[in-house]
Amino acid sequence: MIDSFDDLPVILAGLTQQIKSLNEAVQRMEGTLTRRHKQQDEDITANRADIADLTEGMAQIKLAVAELQAWQTSHDRFRCPFIGQPALNVVQVALEKLLIKHFTKDEIIGVAFELNVSDSVHLQQTKQMMAISLVMAISHQNRLPALLSHLQNLRPTVIWPILFEETN
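Residue numbers (this note's numbering): 1 to 168.
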């Protein structure tokens, strides 16, 4: 309550000062909020650009994976039904081990010569490397069945791996 009208100018001056201070505080808060809102908009725009770049990168990766899978499918002509792995992996390792076990270095070189892949085989120094080189060279030429047939003729008592044609 106002005691007298003489105090009214002092009270009005105090209220005016409080209103002015509150108005300045509101303006500072508006400025702060405006800057934060602008920064958030810039961050959102930058995030959208990053997401677009990442999405494009993922699309390129998916395309590359699809191309690799298509290539692998076209080159995995045989598949072992018992373990589901491509026979080009399973049979290669089995052939390498059986060559090392049942053939001498000279015999491996002879097999390579008979199948016209002796260039890469005779350069190897160990029997293991010769066997690996022979199987890889034949595999790259997609001639594993021919190698397997030739080895079966040379060593009919050895249990050789079986190639299963893919039915998919």
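Where is the CB? At the ideal position from N, CA and C, for every residue including glycine.
For D106, the enclosing alpha helix (DSSP H) stretches over residues K105 to E114. The segment 91 to 109 and the segment 50 to 62 do not touch, with fewer than three beta-carbon pairs separated by less than 8 Å. DSSP places Q152 in the uninterrupted alpha helix (DSSP H) bounded by L144 to L154. With a 10 Å radius around the Cβ and a threshold of 16 neighbouring Cβ atoms, I132 comes out buried.
Rounded to whole angstroms, the gap between the alpha carbons of L148 and Q92 is 10 Å. By the Cβ-count criterion, M130 is buried, with 16 or more other Cβ atoms from all chains shown falling within 10 Å of its own Cβ.
If you draw a 10 Å sphere on the C-beta of I108, you find 16 or more other C-beta atoms in it, and that means buried. The three-state secondary structure of H102, taken from DSSP, is helix.
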